[in-house]
Amino acid sequence: MSNSVETNHSAKVEGAINSMSEEKKEDILSSFEGFKSYLGNKVSKGEKLGMNEEQLAKTAQKVADYLAKHEEPRNREENLLHELWKVGDKEQQHHLAHMLVRLVQ
1 MSNSVETNHS AKVEGAINSM SEEKKEDILS SFEGFKSYLG NKVSKGEKLG
51 MNEEQLAKTA QKVADYLAKH EEPRNREENL LHELWKVGDK EQQHHLAHML
101 VRLVQ
């Protein structure tokens with residue numbers, strides 16, 4: 001992705017999350033299984049739109065960046081992911097995003 005396309009994509013991802021109701025966020029984030037299910041549905045939709053694993057991982061990375069900055073972990077699994085995200089550099093975070101995509105495929 002070019003820098004301007006990536007910036008636009010980041011804005012779309014953040015806009016979609018920001019427009020989500022607090023109740024919907026709570027439903028998704030209250031359990032790790034709920035989070036995996038939500039992410040799995042989004043990955044499936046992305047695949048149907050022709051996104052490859054790299055594009056899916058970049059999107060997952062944008063979501064994880066947002067969650068790390070704006071949402072508190074609501075369970076042990078999310079806390080572990082949050083802590084790993086905080087200590088990782090950008091490359092490690094990108095690898096973790098790939099693993100999350102694979103986890104829910």
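Just so we're aligned: 53 in UniProt numbering is position 53 of the sequence shown, and the numbers increase by one with no gaps anywhere. Every residue, glycine too, gets a C-beta built ideally from N, C-alpha and C. Quantities reported herein were computed from a predicted structural model and do not represent experimental measurements.
- The beta carbon of Lys86 lies closer than 7 angstroms to those of Ala68 in the same chain, with the five residues before and after it left out.
- Ranked by how close their Cα comes to the Cα of Glu22, the residues Leu84, Glu33, Ala97, Glu72 have Glu72 in first place.
- Cα atoms of Lys12 and His98: separation of roughly 20 angstroms, rounded to the nearest angstrom.
- When Val63, Arg102, His94, Leu81 are compared, the shortest CA-CA separation from Phe32 is found for Leu81.
- Under the three-state reduction of DSSP output, Arg74 falls in the coil class, being neither helix nor strand.
- DSSP, read as helix, strand or coil, puts Gln55 in helix.
- Here the alpha carbons of Thr59 and Ser19 stand approximately 17 angstroms from one another.
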